[in-house]
Amino acid sequence: MIRPRTSVRRMAAPLTAGVLAAGALVLPAQSAHAAPSVVKVTGGQGNWQLTVDGSPYQVKGLTWGPSVADADRYMPDLRSMGVNTVRTWGTDASSKPLFDSAAAHGIKVIAGFWLQPGGGPGSGGCVNYLTDTAYKNQMLDEFPKWVQEYKDHPGVLMWNVGNESVLGLQNCYSGDELEAQRNAYTAFVNDVTKKIHAVDPNHPVTSTDAWVGAWPYYKRNAPDLDLYAVNSYDAVCEVKSAWEQGGYSKPYIVTEGGPAGEWEVPDDINGVPEEPTDRAKAEGYTRAWNCVKDHQGVSLGATLFHYGLEYDFGGIWFNLLPAGEKRLSYYAVKRAYGADTSGDNTPPVIGRFDVEGDATKVEAGRDLMLATQVTDPDGDALTYEVQVGSNYIDQNKYLTTMPHTDLGGGRLKVTAPDKPGVWKAYVKVKDGRGNVGVETRSVKVVPPTPGGTNVALGKPATASSFQQSYGDCPCPASNAVDGGATTRWASDWSDPQWLSVDLGARTTFRHVQLVWEASYAKAYTIQTSDDGQNWQTVREVTDGNGGVDSFDISGTGRYVRVHGTARGTGWGYSLYEFGVYS
Numbered sequence: 000m001i002r003p004r005t006s007v008r009r010m011a012a013p014l015t016a017g018v019l020a021a022g023a024l025v026l027p028a029q030s031a032h033a034a035p036s037v038v039k040v041t042g043g044q045g046n047w048q049l050t051v052d053g054s055p056y057q058v059k060g061l062t063w064g065p066s067v068a069d070a071d072r073y074m075p076d077l078r079s080m081g082v083n084t085v086r087t088w089g090t091d092a093s094s095k096p097l098f099d100s101a102a103a104h105g106i107k108v109i110a111g112f113w114l115q116p117g118g119g120p121g122s123g124g125c126v127n128y129l130t131d132t133a134y135k136n137q138m139l140d141e142f143p144k145w146v147q148e149y150k151d152h153p154g155v156l157m158w159n160v161g162n163e164s165v166l167g168l169q170n171c172y173s174g175d176e177l178e179a180q181r182n183a184y185t186a187f188v189n190d191v192t193k194k195i196h197a198v199d200p201n202h203p204v205t206s207t208d209a210w211v212g213a214w215p216y217y218k219r220n221a222p223d224l225d226l227y228a229v230n231s232y233d234a235v236c237e238v239k240s241a242w243e244q245g246g247y248s249k250p251y252i253v254t255e256g257g258p259a260g261e262w263e264v265p266d267d268i269n270g271v272p273e274e275p276t277d278r279a280k281a282e283g284y285t286r287a288w289n290c291v292k293d294h295q296g297v298s299l300g301a302t303l304f305h306y307g308l309e310y311d312f313g314g315i316w317f318n319l320l321p322a323g324e325k326r327l328s329y330y331a332v333k334r335a336y337g338a339d340t341s342g343d344n345t346p347p348v349i350g351r352f353d354v355e356g357d358a359t360k361v362e363a364g365r366d367l368m369l370a371t372q373v374t375d376p377d378g379d380a381l382t383y384e385v386q387v388g389s390n391y392i393d394q395n396k397y398l399t400t401m402p403h404t405d406l407g408g409g410r411l412k413v414t415a416p417d418k419p420g421v422w423k424a425y426v427k428v429k430d431g432r433g434n435v436g437v438e439t440r441s442v443k444v445v446p447p448t449p450g451g452t453n454v455a456l457g458k459p460a461t462a463s464s465f466q467q468s469y470g471d472c473p474c475p476a477s478n479a480v481d482g483g484a485t486t487r488w489a490s491d492w493s494d495p496q497w498l499s500v501d502l503g504a505r506t507t508f509r510h511v512q513l514v515w516e517a518s519y520a521k522a523y524t525i526q527t528s529d530d531g532q533n534w535q536t537v538r539e540v541t542d543g544n545g546g547v548d549s550f551d552i553s554g555t556g557r558y559v560r561v562h563g564t565a566r567g568t569g570w571g572y573s574l575y576e577f578g579v580y581s
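When you line the sequence shown up against numbering that gives the first Met the number 0, it's residues 0 to 581, in that order.
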C-alpha cells in the first residue's frame, strides 16, 4: 500500500524561476538536430535498456524548476553537470522553448501530463475516475493533441502521465471506494497510454507515483505502459528489493529522488521535522544515484529533485541552487553524473549551527543568539545572512531576512520574532563566488515573562461579543485570562470590539501583555475604569502587527480592557492571553 505522508511536503508542480546569481554562465544555444529521435525500451526481463536512435541511454537527470523562458540561461549549466535529461509535470503550448533549448544543448525532456488530484499540495480537485467521463474525455483529447504537436521534436525523450495520483486519491476517498478509484485511475492511465502510442509510436510512455505501492495497480490495470516511474527519497534504495518481490515485468525510472523529505525524518526538540544538514543532503543525492545504478538492467536512470531556484521553505530543503547559488548538493549531483568538478570553487561548509540557550523557550522580541562553525575549502571571504520562516505556524513558505549583529567567532545576534510558535531559523553563508551553505534549526518562541503578578489571571472577564462555534470555539472572554497558551477569546468579525477584566478591587498596575492569535488588532487602546462604565485611555496603539505586545504602562482601576478599533485582518479580534501585571 501507499506509505502515509504528512500533508506538508515537497513542491510537486512546476515551479517559478528564482533570481540567477550574478556572473552565472550563459552560453549561446547550439542548433538543434532537425530529425526527431526514436526512443525505445529494448531487451527483456531483467535485462532492459533505454535506447535513443539505437544507442544506449541512461537517464542522468534533474527535475526542471526555472521558467521556460529562462531555459537558454540554465541549460548550459545543466549540461556542465553531466545532466542529459530534465523532467516536467505539464506539457502545453508554453513547452516549446524548453524543448527547443534542451535539444540545442544535447538534453532531452521527460514531458509530463498532470492528472488530478496529484500527490502534492495545491494539485486541486477530486476526480471520480469511475463516473467523471467528461474529465476523462477532456484529458483523452488534450494529451494526444500535445503529443501530436511535439512528437517529432528532438527534445522529447518520453511521455509521463500523472504524478502521485494513486497517493493523492487518499485525500478524496477511503476504504473500498478508494480502492475502486485507484483501480479506475490506473485503468485510465492505460487508456491515455494507448492514445499516446497511437499518435507517437517512437517515444515510451510511463506514469509516476509515490513509492512502489502504486505499482501493483499499474501491473493489474496499465499493461500498455512501457516502463514504470517512481518518486522515492530516503527509501530509494529499497526500490530494487520491492521490484524483485513484486514480480514486475517492466523496467522503471526514478522521477524524483534525493535526500530525506519532511515525511521521512524524526521530529526535533520542538516537534517539527528535523531538516537534514547540507552535508547530509549532499550525501543523500550520492546515495540515491548509487542505488539507482545498482539495479542494472531494470532501473534505467533517474531525474533527481530539484534543479530549482526558489529560496523558501521547500527550496532550502531540496533546491540545488536556491536564488542561483550553488550548494554542496549541486556538486554532489555533478560528481555522481561523472562531470569534472576538479576546477570548481565549492561552497562554504557549516559544520555546526546551534541556538544558544533553550531553543524551546525563546522569548518573543528578545535577543536570540546563534552559534556557527564555518569553513570554506577555497579560503574565500564569507558573508552571513539570517532568515526566519513561520511555515509551522501559518503555512507561510517565504523566509524573512532578519537584521543581525556579527559578534565574531561565528556568533550572530538577532531579535527573536514576536509571534509565539515554532519558527525555523536559517543561516546562509555565501562565498562571493556563487556558492552558498545553508543550515536551519527550529526555535519555539514564547511570550516574555513579565516581572510582578498577573492580577488579571483567573478574574471574571466579559467581552462585546464572542464566537460560540467556529473552529476551536466556543471562545469566551474568560479564555484570555486563564493562563493557557492555546485557549483564546475570539470576537465577532466587526469593529469595534472589546474585552474587559474585573480585578475585583481598584488596583495599580505597571505592565500589560497581549498575546494575539492570527486575528490581531491594528489599532486599539488600553483603558481603565472604576465602575465598568466610564473609561480612561492609558495607552493607544495605532500600528499593531500581532504577535506579542508587551509594554510598561501606568494605570489604576478596578476594570481594565482592551478596546479594538481597527482589525488587522478580515476576521475578528482574537487573544490568547490578556495579562495585567502589578
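Cβ atoms here follow ideal geometry from the backbone N, Cα and C, with glycine treated the same way.
For S328, the secondary structure class from DSSP, reduced to helix, strand or coil, is helix. If the five residues before and after T452 are omitted, its C-beta is found closer than 7 Å to the C-beta atoms of Y580 and S581, all from its own chain and listed in chain order.
Taking 8 Å as the cut-off, the Cβ atoms of V537 and S553 count as close. Beta-bridge pairing by DSSP links R78 to no other residue.
CA-to-CA, the gap between F142 and Y184 works out to about 16 Å. Take the alpha-carbon of E176 and the one of T132: they are about 17 Å apart. The beta carbon of A186 is closer than 6 Å to those of N220 in its chain, skipping five residues each way along the sequence. For the options L156, V373 and T439, the alpha carbon positioned closest to that of N83 is the one of L156. The DSSP assignment places complete beta strand (DSSP E) segments of no fewer than 3 residues inside the stretch 434-522 at 435-445, 460-462 and 496-515, in order along the chain.
Under the rule that a run must span 3 or more residues, the beta strand (DSSP E) segments found entirely inside the stretch 297-326 read 298-306.
Beta-bridge partners of R351 (DSSP): Q372. Linking D311 to Y397 through their CA atoms gives a straight-line distance of about 5 Å. Between A68 and the set S100, L49 and L61, the nearest pair of CA atoms involves S100. Linking R286 to Q244 through their CA atoms gives a straight-line distance of about 22 Å.
Between W88 and G111, the C-beta spacing is below 8 Å. Under the three-state reduction of DSSP, I195 is assigned to helix. Rounded to the nearest whole angstrom, the CA to CA distance from W47 to D190 is 24 Å. Below 8 Å, enough C-beta pairs join the stretch 479-497 and the stretch 571-578 to call them touching: three or more. Distance between V444 and W515, taken at the CA atoms: about 13 Å.
When C-alpha distances from Q44 are compared across G356, Q295 and A331, the shortest belongs to Q295.
The C-beta of T90 has 16 or more other C-beta atoms within 10 Å across all chains shown, which makes the residue buried. Non-local beta-carbon contacts of S441 in its own chain, meaning distances under 6 Å to residues more than five positions away in sequence, involve D267, N269, V271, V421 and K423 in chain order. Using a C-beta cut-off of 8 Å, the stretch 314-326 makes no contact with the stretch 358-374, since fewer than three inter-stretch Cβ pairs fall below that distance. When rounded, the separation of the alpha-carbon atoms in N162 and G567 is 39 Å. Excluding sequence positions up to five before and after L77, its CB lies within less than 8 Å of the CB of L61, V85, H104, I106 and Y306, all in the same chain and listed in chain order. Fewer than three pairs of CB atoms, one per stretch, sit closer than 8 Å, so the stretch 467-483 makes no contact with the stretch 379-390.
Secondary structure at W570: coil, using DSSP grouped into helix, strand and coil. E355 is classed as exposed because its beta carbon has fewer than 16 other beta carbons within 10 Å across all chains shown. With 16 or more other CB atoms across the displayed protein chains lying within 10 angstroms of its CB, N478 is buried. Linking Q372 to K429 through their CA atoms gives a straight-line distance of about 14 Å. Around K280, the same chain offers P258 and S328 as residues with beta carbons nearer than 6 Å, after the five sequence neighbours per side are excluded. Uninterrupted beta strand (DSSP E) stretches at least 3 residues long and entirely within the stretch 146-204 occur at 155-162, given in chain order. Y216 sits close to N182, with the two beta carbons spaced by under 8 Å. Annotation for K360: K443 and V445 place their beta carbon closer than 8 Å to its own, counting only its chain and skipping 5 residues before and after.
Beta-bridge pairing by DSSP links I525 to R538 and V561. Residue pairing for A335: DSSP places it in no beta bridge.
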